[in-house]
Structures are given as C-alpha cells and as structure tokens.
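What follows is one structure encoded as structure tokens, with my remarks underneath.
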Ligand code: C5P
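In our numbering, the protein residues as written are 93 to 318.
Structure (structure tokens):
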C-alpha cells in the first residue's frame, strides 16, 4: 500500500473575512477553524503524513491553535497566492510521496469519510476532486455585468477540496503554470489546461469554504449539530 500524503493550504490573509488576521485562526465553537479541519483529517483512517502550508508570521499562533495536533504536522512556508502556497507544499513533500491530497484549511466541515473516499479513488486515478452538482442557474457575464451565456446546468459542478493528484504530475503542472504565468484558484484547473483528465467525486454541500462572516455562522450551526 502506498503512503498517502495530505497538504493543507493555510497561508491566506483572510481579507474577505475582514478580521485583520488569518481567518483560519478565528474562533469557531471554542476552537480555531484550522483545529476543526485537522480534527476531521486525523479522524481519517488513511492519512499518514500531513503538511500545513502557512505564513511564517502565523506559525506560532497556528501551532498553538491546533493543540493536540501540533506534534503531528509538518510545517511548510506559504506564498503570496494559494497557487504559490500549494507549489511550495508540493515541492517540499517527502521524496517517497507518490500521491497527495490538497485540502483547504478553510473547509473545516469536511467529513473524514469523504477524505477516505478521495484517498480510495486516488489509488485508482491520477487526479480526483470533490465537487457538488450546481443547483442554481449560472450566468456568465462580461465586465459590465451583461449576461453572455447560461451554461447547461447538467454539466456544472462546484469544485471543492480535497483535490488529489499524482505528485510527479502535480509538480510538473505547477512548474508549467509558473513558467507561463497561469493564475488559477484550484489545482484541478492546471490539469484541465494541460488536457490531463480529472475525475469528479460527489461531495457534500455542507463542505463549505469559510470565506465571509456569514459562513462562520453557518459552520457554527453545522458543527453544533454533528
Ligand atoms: O482565500 P481562499 O479562502 O480562497 O483560500 C483557500 C485556501 O487557500 C485557504 O485555506 C487559505 O488559507 C489558503 N491560501 C494559502 N496561501 C495564500 C492564500 C490562500 O495557503 N497565499
């Protein structure tokens, strides 16, 4: 059995949260957001190596906030964008890493069973992502907010994390992206640009990304009921 590694991008500034600090350090039902993410990660039966990608100036606060998990994680310095942070993470994986899952620290409602499902699918595939079917009708607009088109909803999925990849391919994709100044908001986008297949695994709509203050309220309710 191959060892499966998991990287957690946690190096954002939380500007949309307007909290003046890394949003992953904010209090959610008595713990930091990142604590809850790690709780789910370490409940997974398949996780064997976890790396947190964070800003050096957040390091001590992050380590304090994750309590019992502090001794179990590996620290990697993050970059100015998520893409740069993940690139640093992938380039600093142990040399025996074959497949890796990337899971945003901001998705603290992830269920450990879904992490396990991603790992299982990743054993059979080179690239997988968790996603949910889109239920709204989506409009593509121009810069003046005039609608250009309405894509067929049957083919629309909202991407989440975990996203999992063959390490050698992910490293290559990030290097090509750097060399060509591609800017993307998830790792699967790099594979799509390179025409490398990515399989979708159906996720759960509660696996929200904490982005703005309302998400914290929603997450608090979900955590209270789980
Ligand atoms: O900003 P957003 O919520 O989309 O970021 C998604 C994830 O990427 C978060 O967990 C955040 O901490 C991480 N991130 C990062 N490095 C950055 C920016 C964001 O690791 N420079």
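Note that CB positions come from ideal geometry on N, CA and C, so glycine has one too.
Pick from 142, 157 and 180 that is closest to residue 164, judged by C-alpha positions: As a first step, residue 164 must be located in the chain shown, where it is residue number 72. Measuring from the Cα of residue 164, the nearest candidate turns out to be 142.
At a cut-off of 8 Å, is residue 118 close to the ligand C5P when judged by its beta-carbon and the heavy atoms of the ligand? Within the chain shown, residue 118 is the residue found at index 26, counting from 1. Answer for residue 118: no, Cβ out of range of the ligand C5P.
Beta-bridge partners of residue 103, as assigned by DSSP: Numbered from 1 along the chain shown, position 11 holds the residue referred to as residue 103. Its beta-bridge partners do not exist; DSSP assigns none.
Out of curiosity, what's the CA-to-CA distance linking residue 286 and residue 249? Along the chain shown, one-based indexing puts residue 286 at 194. Along the chain shown, one-based indexing puts residue 249 at 157. Taking the straight line joining both Cα atoms gives about 20 Å.
Which residues have a Cβ closer than 6 Å to any heavy atom of the ligand SAH, listed in chain order? The ligand SAH is absent from the structure shown, which contains only the ligand C5P.
Taking one C-beta from the stretch 252-262 and one from the stretch 208-225 each time, how about it: are there three or more such pairs within less than 8 Å? Taking 8 Å as the limit for Cβ pairs, the verdict is that the stretch 208-225 does touch the stretch 252-262.
Identity of the residues DSSP links to residue 221 by a beta bridge: In the chain shown, the residue the question calls residue 221 occupies position 129. Note: residue 221 sits in a beta bridge opposite 255 and 292.
Measure the CB-CB distance between residue 198 and residue 294 and report whether it falls below 9 Å. Walking along the chain shown from the start, residue 198 turns up at place 106. Walking along the chain shown from the start, residue 294 turns up at place 202. The answer is no: Cβ separation not under 9 Å.
Going by DSSP, name the residue or residues bridged to residue 169. On the chain shown, residue 169 is found 77 positions in, with the first residue counted as 1. Beta-bridge pairing links residue 169 to 146.
My assumption, with CB atoms under 8 Å, is that residue 102 sits in contact with residue 145. Please give the rounded CB distance. Residue numbering aside, residue 102 sits at position 10 when the chain shown is read from its first letter. Residue numbering aside, residue 145 sits at position 53 when the chain shown is read from its first letter. Right, their Cβ atoms sit about 6 Å apart.
Going by C-alpha to C-alpha distance, which of 236, 298 and 209 sits closest to residue 292? For the purposes of this step, residue 292 is taken as residue 200 along the chain shown, with counting starting at 1. Answer by Cα proximity: 209.
Do you know offhand how far residue 187's Cα is from residue 201's? The residue labelled residue 187 in the question sits at position 95 within the chain shown. The residue labelled residue 201 in the question sits at position 109 within the chain shown. Whole-angstrom Cα-Cα distance: 30 Å.
Specify, as a first and last residue, the run of the beta strand (DSSP E) that residue 241 falls within. Residue mapping note: residue 241 aligns to position 149 of the chain shown, counting from 1. Element bounds for residue 241: 239-241.
Quick one: what's got a C-beta closer than 8 Å to residue 173's C-beta in the same chain, skipping five residues either side? On the chain shown, residue 173 is found 81 positions in, with the first residue counted as 1. Closer than 8 Å at Cβ, skipping near neighbours: 275.
Indicate the three-state DSSP secondary structure (helix, strand or coil) for residue 215 in the structure shown. For the purposes of this step, residue 215 is taken as the residue at position 123 of the chain shown. Correct three-state label for residue 215: helix.
Please confirm whether residue 133 and residue 279 have their CB atoms less than 9 Å apart. The residue you call residue 133 lines up with position 41 of the chain shown. The residue you call residue 279 lines up with position 187 of the chain shown. Going by C-beta atoms, residue 133 is not nearer than 9 Å to residue 279.
On the criterion of 16 or more Cβ atoms from any shown chain inside 10 Å, does residue 228 qualify as buried, or is it exposed? On the chain shown, position 136 is the one that residue 228 refers to. That one is exposed.
Report, in whole angstroms, the separation of the C-beta atoms of residue 125 and residue 300, which I expect to be a contact under 8 Å. Taking the chain shown and counting its residues from 1, one reaches residue 125 at position 33. Taking the chain shown and counting its residues from 1, one reaches residue 300 at position 208. Rounded, the Cβ-Cβ distance is 11 Å, inconsistent with contact.
Separation of residue 95 from residue 182, as counted between CA atoms: Within the chain shown, the letter at position 90 stands for residue 182. Within the chain shown, the letter at position 3 stands for residue 95. If you take the alpha carbons of residue 182 and residue 95, they lie about 15 Å apart.
For the beta strand (DSSP E) holding residue 185, just list the boundary residues, first then last. As a working mapping, residue 185 is identified with position 93 in the chain shown. From DSSP, residue 185 is part of no beta strand (DSSP E); its letter is neither H nor E.
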